[in-house]
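Notes to accompany the following structure.
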Amino acid sequence: MAVKTRRYSARDMTILVIGLGVAIVVNVGLVWGPTLASVGLSGTSWNGIGPMEWVGGRNYHDLAAEYPPFWSAVRNNVLWLAFLGLVATPFGLFCAVLLDRRLRLSRVYQSALYMPVVLSLAVVGFIAQLVYSSDYGVLNAVTGLGVDWLGDSSINIWVVMVAAAWRHVGYVMIIYLAGLKAVDPALKEAAAIDGASERQAFFRVVFPTLRPVNVIVLVITVIEALRAFDIVYAINKGRNGLELLSVLVTENIVGEASRIGFGSAIAVILLVISLAFIVTYLSQLFREER
Numbered sequence: 465m466a467v468k469t470r471r472y473s474a475r476d477m478t479i480l481v482i483g484l485g486v487a488i489v490v491n492v493g494l495v496w497g498p499t500l501a502s503v504g505l506s507g508t509s510w511n512g513i514g515p516m517e518w519v520g521g522r523n524y525h526d527l528a529a530e531y532p533p534f535w536s537a538v539r540n541n542v543l544w545l546a547f548l549g550l551v552a553t554p555f556g557l558f559c560a561v562l563l564d565r566r567l568r569l570s571r572v573y574q575s576a577l578y579m580p581v582v583l584s585l586a587v588v589g590f591i592a593q594l595v596y597s598s599d600y601g602v603l604n605a606v607t608g609l610g611v612d613w614l615g616d617s618s619i620n621i622w623v624v625m626v627a628a629a630w631r632h633v634g635y636v637m638i639i640y641l642a643g644l645k646a647v648d649p650a651l652k653e654a655a656a657i658d659g660a661s662e663r664q665a666f667f668r669v670v671f672p673t674l675r676p677v678n679v680i681v682l683v684i685t686v687i688e689a690l691r692a693f694d695i696v697y698a699i700n701k702g703r704n705g706l707e708l709l710s711v712l713v714t715e716n717i718v719g720e721a722s723r724i725g726f727g728s729a730i731a732v733i734l735l736v737i738s739l740a741f742i743v744t745y746l747s748q749l750f751r752e753e754r
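Here it is in structure tokens:
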């Protein structure tokens with residue numbers, strides 16, 4: 465029996481070409497174009513006005529050898545990723561597990577935990593100033609301490625990460641809560657019949673079924689850690705212990721220095737770090753589909 469193939473009309477083809485064309489143009493113009501331009505500019509010395517000079521890999525050498533804020537930013541970005549991944553994310557999962565038990569007033573708790581997610585990191589930064597300020601901060605007023613939480617470069621990164629985690633926990637909680645709602649109740653019942661405790665049932669039965677959710681949460685956590693910018697810039701423009709790679713990119717490209725080539729080199733390094741996680745995620749995703 466012959467299989468009939470659908471023939472697209474001229475109108476269908478026109479709509480298809482326009483739809484794909486717009487998507488491709490936007491993608492190339494806003495994503496791949498600037499990305500490739502950054503890679504090219506990273507090998508130049510250019511202030512955006514004068515002549516462009518090709519310097520090869522000198523910008524990368526100067527970053528590693530003669531630019532102290534770079535290594536501080538790398539360390540802070542690694543700390544940011546570790547804190548969100550090892551502290552904030554597990555706590556978000558813990559909150560999701562508690563709310564999945566349908567506690568009394570669970571809707572109120574869920575709303576309270578999710579509320580920070582609707583705030584931008586810049587707003588979270590302003591709230592952090594109200595809490596941690598040495599002059600008018602709530603924390604010093606309540607505890608009677610006189611600690612300069614945001615001015616002391618040895619501790620300010622930690623308190624700012626706590627503020628960022630406050631927002632991240634609610635985000636992770638909602639994602640895991642949706643995943644827990646999708647778990648087949650029969651799996652929990654079978655584990656209970658086999659004599660598994662509640663903890664054993666979660667770690668050996670429920671948690672393995674959340675693997676797709678875990679991958680999504682991991683990607684979101686990495687993105688949040690690498691793109692962190694607003695909160696530290698709102699506090700002190702990402703200086704004095706709060707240096708991040710994203711802040712250094714902005715400082716060198718659009719700041720007073722106006723070193724576009726140098727800033728592009730930092731952006732390329734940030735891109736390479738991001739691609740490492742993205743490629744790992746996509747390869748795992750395609751492997752599962754096969």
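The numbering used here applies: residue 465 is where the sequence shown begins, and numbers increase by one.
Here a beta-carbon is modelled for each residue, glycine too, at the ideal position from N, C-alpha and C.
Can you list, in chain order, the residues of its chain with a C-beta nearer than 7 Å to that of residue i? Leave out the 5 residues immediately preceding and following it.
i	result
Met465	Confidence at Met465 is low in this model, with a pLDDT of 49, below 50, so the placement of that residue should be treated as unreliable; the coordinate-derived value is given next. Once the five neighbours on either side are set aside, Met465 has no close Cβ partner at all.
Ile621	Asn540, Leu543, Gly705 and Leu706
Pro533	Glu707 and Leu712
Leu577	Cys559, Val633, Gly634 and Met637
Ser722	Asn511 and Gly512
Gly499	The residue you asked about is not Gly; residue 499 is Thr in the sequence shown. Excluding residues within five positions, the ones whose Cβ falls inside 7 Å are Leu735.
Ile619	Trp613
Taking residue i as part of the alpha helix (DSSP H), name the residues at either end of that continuous run.
i	result
Ser575	Ser570 to Tyr578
Gly643	Asn620 to Lys645
Ser536	Pro532 to Phe547
Ala698	Asp694 to Asn700
Arg675	Arg675 to Leu690
Glu495	The question names Glu, but residue 495 is Val in the sequence shown. Segment: none, Val495 is in no alpha helix (DSSP H) and carries neither H nor E.
Tyr472	Tyr472 -> no alpha helix (DSSP H), and no H or E assigned at all.
Arg663	Glu662 to Ala665
Ile657	Pro649 to Ile657
Tyr596	Leu585 to Tyr596
Ser560	For clarity, residue 560 is Ala in the given sequence; the question names Ser instead. Counting along the chain, the alpha helix (DSSP H) containing Ala560 begins and ends at Thr553 to Asp564.
Val611	Taken as a continuous stretch (DSSP letters only), Val611 belongs to no alpha helix (DSSP H), as it is neither H nor E.
Leu603	Val602 to Thr607
Could you name the residues that DSSP lists as bridge partners for residue i?
i	result
Trp518	Thr508
Whose C-beta lies closer than 8 Å to the C-beta of residue i among residues of the same chain, with five residues either side of it excluded?
i	result
Arg751	none
Tyr472	Leu480
Phe693	Leu585, Gly702, Leu708, Ser710, Val711 and Thr714
Ile684	Tyr635, Val636 and Ile639
Asp526	Phe726
Leu602	The question names Leu, yet the displayed sequence has Val at residue 602. Around Val602: Leu594 and Val595.
Ile591	Leu583 and Ala627
Met625	Leu543, Trp544, Phe547 and Leu548
Leaving out five residues on either side along the sequence, give the residues of the same chain with a beta carbon under 6 Å from the beta carbon of residue i.
i	result
Ser738	Leu690
Leu484	none
Trp613	Tyr596 and Val623
Ala740	none
Ala758	No information on residue 758 is available, as it lies outside the stretch 465 to 754 that the chain covers here.
Leu670	With the sequence shown as reference, residue 670 is identified as Val, and Leu is not the correct amino acid for it. Val647.
Ile717	Ile724 and Gly727
Does the ligand ZN have even one heavy atom less than 7 Å from the beta-carbon of residue i?
i	result
Asn620	As for the ligand ZN, it is missing from this structure, which has no ligand bound.
Under 8 Å, with one C-beta from each stretch per pair, do the stretch 589–599 and the stretch 650–662 reach the 3-pair mark? A contact between stretches requires three or more CB pairs, one per stretch, nearer than 8 Å, and the stretch 589–599 fails this requirement with the stretch 650–662.
Three or more C-beta pairs closer than 8 Å, one from the stretch 506–515 and one from the stretch 725–741: is that the case here? As far as the Cβ criterion goes, the stretch 506–515 touches the stretch 725–741, which means the pair count is three or higher.
If you pair each beta-carbon of the stretch 669–684 with each one of the stretch 566–578, do three or more pairs fall below 8 Å? no
Within the stretch 708–734, note down every full alpha helix (DSSP H) run reaching 4 residues or more, in order along the chain. 709–717
Does the pairing of the stretch 658–668 with the stretch 577–585 give three or more beta-carbon distances under 8 Å? no
Can you confirm whether the stretch 629–637 touches the stretch 551–563 when touching is taken to mean that 3 or more C-beta pairs between the two stretches lie within less than 8 Å? yes
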